[in-house]
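Numbering (this note's numbering), first residue to last: 14 to 380.
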């Protein structure tokens, strides 16, 4: 059995990881997932080189055998995990291991690849929208001529894949279930790029606000974006590792032609992961830029206050000197105190001192 994945690191203040609802001591293959799942809907399609038909889902082994005789490829899509009994029955009908059904129903799995000899099993996590890093689980189990896909959520569906099938693209109709799995995994990976593009736009806006350093709320927004990017990294890292395992793993259920396309999908996942990591580092740089801008503004304020205080030091000395109330009749006291123009002269001296100091500050480049 081959598996892949890398547990995400947890940091205080970030979104908490998904904790599966597991009852201690439960036997393997038991579903103990949380309530609130979407209603279960099962759609089956028969795929042949010349046609694609929506068919009734098989009810028993004989029904499935008749369908597989009519079509080279049968795709059964299960949406919503509310009806565990129906999903378990379908899994038994398709020959899936009970542990696979458990992983499907407990939607907290990391992206991974598992080889059960008779069939392959892949788990991935798909974005719900291009506005948030929240994801839901999708899983694929396939053998020769049969693919069963499982989705926690009804939306987004695999509309682009269905459209390609219905438009009669020859490769997707004739390449087998492994290529169909590749097409859906490629869609899952590509959906990360619009979100990363929006993250890049948010970084540009936050950079302008951080350099202006006039809005303290930008700090909270940077921290929030950094937490979202940490969540993205936790999703993309194991997804990339799972794709790498799928490319390298030696199995007859993945053809050599499909491996070529899977390598391209792996490249896309690596690129998305690198973009997420770079954006997260950019958030750290933004925090440094904001703190530097705040420090620079504080330094400018302190410089102005220091210049003002420095100018008033000699002015205070002059005012204090001539403000001493000594006996003006004594010959030892300042004669200017009895001078008719003493007050205007003192003001003129103060203005001259202040002007001279300002000129000297400007010459030194301090203003």
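For each residue, glycine too, the CB sits at the ideal point set by N, CA and C. Values in this document were obtained by computation on a predicted structure and should not be read as measured data.
Residue i, buried or exposed, once every other Cβ within 10 Å from all chains shown has been counted against 16
i	result
residue 80	buried
residue 334	exposed
residue 383	Here the chain covers residues 14 to 380 and nothing more, so residue 383 does not appear.
residue 211	exposed
residue 155	buried
residue 176	exposed
residue 239	buried
residue 65	buried
Residue i versus residue j: straight-line alpha-carbon distance, rounded
i	j	result
residue 109	residue 298	48 Å
residue 283	residue 320	55 Å
residue 372	residue 317	15 Å
residue 113	residue 107	11 Å
residue 137	residue 286	15 Å
residue 347	residue 355	11 Å
residue 122	residue 116	7 Å
residue 89	residue 77	11 Å
residue 237	residue 261	37 Å
residue 178	residue 159	16 Å
residue 314	residue 380	12 Å
Cβ pair residue i, residue j closer than 8 Å
i	j	result
residue 69	residue 50	no
residue 273	residue 246	no
residue 93	residue 54	yes
residue 183	residue 62	yes
residue 306	residue 226	yes
residue 52	residue 97	no
residue 143	residue 208	yes
residue 213	residue 292	yes
residue 195	residue 264	no
residue 126	residue 266	no
Minimum Cβ-Cβ distance from residue i to chain B less than 8 Å
i	result
residue 232	Structure shown: chain B not included; a single protein chain is present.
Open item on the list: Does the structure place the region 140 to 150 close enough to the region 162 to 179 that three or more beta carbon pairs sit under 8 Å?
Closed with: yes
TODO: Mind the definition here: the region 326 to 337 touches the region 356 to 373 only if three or more C-beta pairs lie below 8 Å; say whether that holds.
DONE: yes
Open item on the list: Using 8 Å as the cut-off, can you tell me whether the region 70 to 86 makes contact with the region 128 to 139, which would need three or more C-beta pairs spanning the two stretches below that distance?
Closed with: no
Open item on the list: Below 8 Å, how does it come out for the region 300 to 316 and the region 254 to 261: are there three or more Cβ pairs, yes or no?
Closed with: no
Open item on the list: Three Cβ pairs or more, each shorter than 8 Å: is that satisfied between the region 196 to 214 and the region 264 to 281?
Closed with: yes
Open item on the list: At 4 residues or longer, what runs of the alpha helix (DSSP H) sit wholly inside the region 193 to 229?
Closed with: 205 to 225
TODO: For the region 118 to 200, list the alpha helix (DSSP H) runs that are entirely contained and at least 4 residues long, ordered along the chain.
DONE: 172 to 179, 183 to 187
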